[in-house]
Amino acid sequence: WEKGGDFPALLKQDTDIRKYLTDKEIDKAFDMKNHLKNVDKIFNRVFK
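Per the numbering used here, the very first residue in the sequence shown carries number 1322; after that it's consecutive.
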């Protein structure tokens, strides 16, 4: 991580992380659609 690189890919290579998370779970955690799905609703509330 300190040397740069793709963080999700690094997590997938970490055996300690892999004990708890699958590739699919890691991908879901880094999917921006999931984090931004309510952004329009939030902006509408803030800027009414």
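Glycine residues also receive a C-beta, built at the ideal position from the N, C-alpha and C atoms. In this text the structure is predicted, and so the values were computed from the model without any measurement.
Closest residue to residue i among the options (Cα-Cα distance)
i: Ala1350; options: Val1360, Phe1364, Ala1330, Gly1325; result: Ala1330
Coarse secondary structure for residue i, derived from DSSP in three states
i: Glu1409; result: Limits of the chain in this structure are 1322 at one end and 1369 at the other, which puts residue 1409 out of reach.
i: Lys1340; result: coil
i: Lys1354; result: helix
8 angstroms contact criterion, which residue i and residue j should meet: CB distance rounded
i: Asp1344; j: Lys1333; result: 6 angstroms
CB contact check: residue i to chain B, cutoff 8 angstroms
i: Gly1325; result: Among the protein chains of the structure shown there is no chain B, as only one such chain exists.
Between the CA atoms of residue j and residue i - distance to the nearest angstrom
i: Leu1342; j: Gly1326; result: 20 angstroms
i: Val1367; j: Lys1358; result: 16 angstroms
i: Asp1361; j: Lys1369; result: 12 angstroms
i: Arg1339; j: Glu1323; result: 20 angstroms
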